[in-house]
Amino acid sequence: KNEVEQSPQNLTAQEGEFITINCSYSVGISALHWLQQHPGGGIVSLFMLSSGKKKHGRLIATINIQEKHSSLHITASHPRDSAVYICAVFQGAQKLVFGQGTRLTINP
Amino acid sequence: DAGVTQSPTHLIKTRGQQVTLRCSPKSGHDTVSWYQQALGQGPQFIFQYYEEEERQRGNFPDRFSGHQFPNYSSELNVNALLLGDSALYLCASSLVQGHQETQYFGPGTRLLVL
Chain A
199 KNEVEQSPQN LTAQEGEFIT INCSYSVGIS ALHWLQQHPG GGIVSLFMLS SGKKKHGRLI
259 ATINIQEKHS SLHITASHPR DSAVYICAVF QGAQKLVFGQ GTRLTINP
Chain B
224 DAGVTQSPTH LIKTRGQQVT LRCSPKSGHD TVSWYQQALG QGPQFIFQYY EEEERQRGNF
284 PDRFSGHQFP NYSSELNVNA LLLGDSALYL CASSLVQGHQ ETQYFGPGTR LLVL
């Protein structure tokens, strides 16, 4: 079993839909990253959080440390949101352990 | 302000050969981490360099080695290449301040081993 599990692995939705991607982890962590990876490989950090909730534009990330669970939400989804979304947890000071990613496709 | 840069962008090698990948961190960053991402998988941590020394290492064989230079740039070397080493190799930089810092990723080097 992977230390970081994401669901779903693939998600297809229509433009405008509310999107939720889930991340569960089995190890003790100090913080969690949500990352976005576009075709071609470039990775962009969306959020780093260790408690509560963060919001940036149409993106919202929440984390529940006790339940070892985090969610990434996208409101009013748009085709340009199509990408792979990766959850990664910090083990130790700077080592990241990654989930397998969720491939999101938003159709116009 | 240049972000993290990696070279080359693509590389084709044959089994048994050796390869060197390069990474320049974001300006002001002193820590470089390397990751291997196989097709359809999430990245796997290879190792991390700080102050020209390897600080942490993931579950990779000794064929994978690295180096950090005084200007904080870094190299990843892989010897005796195997077909299974074909992957996207990502470099990420950050600034060590005793706690977790956002890591900034480079565009990656896509390695194909034939």
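So the sequences go chain by chain: A and B. Under the working numbering, the first residue of the first sequence carries the number 199, and numbering increases by one thereafter. Under the working numbering, the first residue of the second sequence carries the number 224, and numbering increases by one thereafter. Just so you know, even glycine gets a beta-carbon here, dropped at the ideal spot from N, CA and C. Computed from a predicted structure; not experimentally measured.
Span separating the alpha-carbon of residue i from that of residue j
i      : j      : result
A/F245 : A/K252 : 7 Å
B/I235 : B/W257 : 19 Å
A/W232 : B/A310 : 22 Å
A/S248 : A/A259 : 11 Å
B/R227 : A/G240 : First, the residue type needs correcting, since residue 227 of chain B is Val and not Arg in the sequence shown. Computed Cα separation, rounded: 11 Å.
A/P277 : A/I304 : 5 Å
B/L305 : B/N282 : 16 Å
B/K249 : B/D285 : 27 Å
A/S280 : B/L335 : 26 Å
B/L299 : B/E275 : 13 Å
B/R238 : A/Q298 : 27 Å
A/E265 : A/G250 : 12 Å
A/G238 : A/I263 : 33 Å
A/V225 : B/A225 : 35 Å
A/I261 : A/S269 : 7 Å
B/G321 : A/S222 : Low confidence applies to B/G321: its pLDDT is 49, below 50, so where it sits in the model is not reliable, and the reading given next is rough at best. Near 26 Å, if we compare the C-alpha coordinates of A/S222 and B/G321.
A/L257 : B/A303 : 43 Å
B/S296 : B/S316 : 9 Å
B/A261 : B/S247 : 22 Å
B/L337 : B/F287 : 18 Å
A/Q289 : A/F296 : 10 Å
Check whether residue i and residue j have beta carbons under 8 Å apart
i      : j      : result
B/L244 : B/Q229 : yes
B/Q271 : B/R278 : yes
B/V255 : B/C314 : yes
A/H267 : A/N220 : yes
B/P231 : B/T332 : yes
B/Q240 : B/Y312 : no
B/L318 : B/H233 : no
A/R148 : A/Q207 : Here chain A has residues from 199 to 306 only, and residue 148 of chain A is not among them.
A/I217 : A/L230 : no
A/S243 : B/Y273 : no
A/P306 : A/E213 : yes
Which of helix, strand or coil DSSP assigns to residue i
i      : result
B/L306 : helix
B/S238 : Before going on, a small fix: residue 238 of chain B reads as Arg here, not Ser. B/R238: coil per DSSP, three-state reduction.
B/R280 : strand
A/R301 : strand
A/N256 : Note that residue 256 of chain A is Arg in the sequence shown here, rather than Asn. The answer is coil: DSSP assigns A/R256 none of H, G, I, E or B.
B/R245 : strand
A/R278 : helix
B/A225 : coil
B/Q267 : strand
B/Y210 : An answer regarding residue 210 of chain B cannot be provided, because it is not within the stretch 224 to 337 covered by chain B.
A/N220 : strand
B/S230 : strand
A/I227 : coil
Per-residue contacts from residue i into chain D (C-beta, under 7 Å)
i      : result
A/Q298 : Protein chains in the displayed structure are A and B, and chain D is not among them.
Margin query: With a threshold of 8 Å, are at least 3 pairs of Cβ atoms found where one atom belongs to the stretch 287–299 of chain B and the other to the stretch 265–275 of chain A?
Written below: no
Next item on the list: Evaluate the contact criterion for the stretch 283–290 of chain A versus the stretch 199–218 of chain A: three or more CB pairs, one atom per stretch, below 8 Å.
Entry: yes
Notebook entry, point to check: Any residues in the stretch 216–228 of chain A with a beta carbon nearer than 8 Å to a beta carbon of chain B? Which ones, in chain order?
Noted result: S228
Check: Relative to chain B, which residues along the stretch 240–259 of chain A have a C-beta separation below 7 Å, given in chain order?
Finding: Along the stretch 240–259 of chain A, going in chain order, the ones with a CB nearer than 7 Å to a CB of chain B are G240, I241, S243 and M246.
Note to self: At a CB distance below 7 Å, what residues from the stretch 268–301 of chain B approach chain A? Give them in sequence order.
What the structure shows: Those would be F268, Q271 and Q279, in chain order.
Next item on the list: Pull out every residue of the stretch 246–264 of chain B whose Cβ sits closer than 9 Å to any Cβ of chain A, in chain order.
Entry: T254, S256, Y258, Q260, G263 and Q264
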